[in-house]
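Here's the structure we're looking at; comments come further down.
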Amino acid sequence: NAGVMQNPRHLVRRRGQEARLRCSPMKGHSHVYWYRQLPEEGLKFMVYLQKENIIDESGMPKERFSAEFPKEGPSILRIQQVVRGDSAAYFCASSSGPSPAYEQYFGPGTRLTVT
Amino acid sequence: QKEVEQDPGPLSVPEGAIVSLNCTYSNSAFQYFMWYRQYSRKAPELLMYTYSSGNKEDGRFTAQVDKSSKYISLFIRDSQPSDSATYLCAMSDGQAGTALIFGKGTTLSVSS
């Protein structure tokens, strides 16, 4: 049973480019959470999605960031016009029901470097 | 004051030592408390999950929650070099779908 998959594992973008991060949840999971981990910082919640719906995006920066979880395919976190401050590890987690009653399983993360 | 405070360490102990990791929090609504272990550049994995106050034991690991003091602990007995990792505490108020609030993590190194 495959775990949460994220790709790419490493992504390098120049300032001003777009970054697309993908997350395939565990089989049977329809709840996806995105977190960002800055150097020397803990995981910070960004957005919570269920299939085709954004449930909570209170942790998402107001500009340049967007997320989706379509009916088919992986969840996508999109960062437009990246800046150096976007360099971080981005983790997604999935669960079979709403947290915290259902355990969140984390993917290995995508490490974004903005040059 | 941050919602969840956790000393980042690093914490270095010899093999076989008892390790105590701690977090304090400010939000009295938190009811669910978790400890995650994260090896370098790997996915966080859930170690312990506790609801409300009390203790929970799983092998060499014991989680304690003291809601009156807003303080949680993770104890590791007979620590092993393989326990060397970053330990993250996380908590939630329990409302369905709410995000976990994480501490910064404590880096532990167990030397053989």
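Residue numbers (the working numbering), protein chains in the order written: chain A, 5 to 119; chain B, 5 to 116.
No residue lacks a Cβ here, since even glycine has one placed at the ideal position from N, Cα and C.
Asked, Found
"So, is B/Gly-58 buried or exposed, given that buried needs 16 or more other C-beta atoms within 10 angstroms?", "exposed"
"What's the C-alpha gap between A/Tyr-94 and A/Gly-113?", "5 Å"
"Taking the alpha-carbon positions, what's the B/Met-95 to A/Tyr-39 distance?", "14 Å"
"Hey, could you find the ends of the beta strand (DSSP E) B/Ala-103 is sitting in?", "No beta strand (DSSP E) contains B/Ala-103, which DSSP labels as neither H nor E."
"Would you report the Cα separation of B/Gly-109 and A/Gly-20, rounded to the nearest angstrom?", "31 Å"
"Is the CB-CB distance between A/Phe-69 and A/Leu-53 below 9 Å?", "no"
"For A/Glu-44, would you say it is in contact with chain B, using Cβ-to-Cβ distances shorter than 9 Å as the test?", "yes"
"Can you give the Cα-Cα distance for A/Pro-102 and B/Leu-112, rounded to whole angstroms?", "31 Å"
"Quick one, which of B/Asn-31, B/Thr-54 and B/Arg-45 has its alpha-carbon nearest B/Trp-39's?", "B/Thr-54"
"Rounding to the nearest angstrom, what Cα-Cα distance links A/Val-36 and B/Val-114 in this structure?", "34 Å"
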